[in-house]
Amino acid sequence: MKSLRVVLFVLLAAVPVLAHHGGAEYDAKTIVLTGTIKEFQFTNPHSWIQVDVKDETGKVVEWNVEWGSPNTLTRQGIHPSSFPVGAKGTFKIHPVKTGAPIGSFVGVKFEDGTTVGKFDAPDASQ
Amino acid sequence: MSGIKLAALTIVLVLASGLALGQNGGQNSGQNGALTPFDKLPDWTGTWTMVGDTVFDQATRVGKGNAWTPGVQEHPPYNDVYEKKYEAHIALRDAYKFPDTNNFCGIPVNYPRILNLPDAYEFVVRPDEFYIIAENGENAMRVYTDGRPLPPKEDLWGTYTGVSVGHWEGDMLVFETVGLKGDRDNDAILDRTGAVLSDAAHVTTRVRKIDDKTMQFVVTIEDPKALTKPWVVTKQFRKQKPGLFLYDYGCAENNRNPVDKATGEVLTLDPEGKPVK
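Here the protein sequences line up with chains A and B, keeping their order.
Its first residue numbered -1, the first sequence is counted upward by one per residue in this note's numbering.
Its first residue numbered 6, the second sequence is counted upward by one per residue in this note's numbering.
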């Protein structure tokens, strides 16, 4: 794994619900990473959160975090402003199995304590 | 009445008759000889979403997960030829390689896959037509209910959603669909397991609201090239709260998961369009 402010919680979480376009092969495990939002692509067919994460050597790795379609998310109260560029947060994601910096979004807790997604939801396997 | 007034009245009546027929081109003979007027049609207004995940046939599914999860598949009554084809598609799916070109985006879904999509739907009823409008895609399908027959078989060439005509039986719409392209180009699957139909499929669909919040489509597929018996699949849709906005869903807008044509593998692209490794 390239980034290593990545804390690994290997949990038997549910398989992510994204990837109906046959997207990347996401792992069921959940990992946690801390980083800064570089960009939020609120676009079809899926939204993408670009997150800069420092690895253990201090090198910044850009993670590609996939989430739902804008039309579905907006009906859940998620908007383009939900992920402001420059905001720092702790992300939970399902990573791809290859080890590439790609993941499926689970939830985030921002520095002010607010959360988006299922950051605080209990894991089904716990 | 003078001759001029009589002629004018005749013209007005003829024009009014034409307007009343709307887009029917004069074919306004429904099953009982007339279009069902608006006030006799059921209220299918509102926004709807499919119940369950995108495994097309929930009744015969095995395995846990979604349509793209290894181990998940259905059991259509395929003949040997199509069963082998399906098993080959399942093997591809298990390897995250898909048999269809859907990942490239830009093509419509087929019938009946249009009843198997995430996101929201609208079901629009008019006296002369019925529309399925799916936000995902976005996709639309029309069913003529003005009494016209299906086109002659020799006039059909096979399209994603084919051609459909229907009639009302009380509050239930019954429509037939033919002219489907099937698996001709490997781009018309029913779901991500890779279930397909042939171009001989003839689909009969019965639609009705089974309660205030549930729309039900019972889809009966007859396909002498692919199936050993009719395949009956039920899809239900749940009514959503009023006032929702629907949006476009142009898959090609920013599809960062294209299929590599050379390998069949699904890529993930970075914001600049380069594969992430």
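C-beta: ideal position from N, C-alpha, C; glycine also.
Given the structure is predicted, the values throughout are model-derived calculations rather than measurements.
Query: Whole-number beta carbon distance between residue 47 of chain B and residue 176 of chain B, since they are thought to touch under 8 Å; Result: 5 Å
Query: Expected contact under 8 Å - CB spacing of residue 92 of chain A and residue 84 of chain A to nearest Å; Result: Residue 92 of chain A to residue 84 of chain A, Cβ: 25 Å. No contact.
Query: Through-space distance from residue 282 of chain B to residue 133 of chain B, alpha-carbon basis; Result: 53 Å
Query: Residue range of the unbroken beta strand (DSSP E) whose run includes residue 126 of chain B; Result: 125 to 130
Query: One or two residues paired with residue 169 of chain B in a DSSP bridge; Result: B:182
Query: Range of the contiguous alpha helix (DSSP H) that encloses residue 91 of chain B; Result: 85 to 99
Query: Beta-carbon spacing of residue 53 of chain B, residue 246 of chain B below 9 Å; Result: no
Query: Assigned exposure category for residue 158 of chain B - 16 Cβ within 10 Å defines buried; Result: exposed
Query: Given residue 103 of chain B as reference, the closest of B:194, B:215, B:214 once Cα atoms are compared; Result: B:194
Query: Residue 267 of chain B, DSSP secondary structure in three states; Result: coil
Query: Neighbour flag for residue 273 of chain B against chain A, beta carbons, 9 Å; Result: yes
Query: Beta-carbon proximity check, residue 65 of chain B vs residue 197 of chain B, cutoff 9 Å; Result: no
Query: Residues, ordered as in the chain, of the segment 197 to 221 of chain B that lie near chain A by beta-carbon distance below 7 Å; Result: 197
Query: Assumed close pair residue 251 of chain B, residue 212 of chain B - CB separation to whole angstroms, cut-off 8 Å; Result: Wrong, their Cβ atoms sit about 20 Å apart, outside the cutoff.
Query: Beta strand (DSSP E) runs wholly inside the segment 8 to 94 of chain A, at least 3 long, in chain order; Result: 28 to 39, 46 to 52, 58 to 64, 86 to 93
Query: Boundaries of the beta strand (DSSP E) in which residue 116 of chain B is found, first to last residue; Result: From DSSP, residue 116 of chain B is part of no beta strand (DSSP E); its letter is neither H nor E.
Query: Residue burial classification, residue 61 of chain A (beta-carbon count within 10 angstroms, cutoff 16); Result: buried
Query: With 16 other Cβ atoms within 10 Å as the buried cut-off, status of residue 228 of chain B; Result: buried
Query: Reduced DSSP secondary structure (H/G/I, E/B, other) of residue 274 of chain B; Result: strand
Query: Residue span of the beta strand (DSSP E) that contains residue 102 of chain A, given as start and end; Result: 100 to 108
Query: Pairwise C-alpha distance: residue 87 of chain B and residue 108 of chain A; Result: 51 Å
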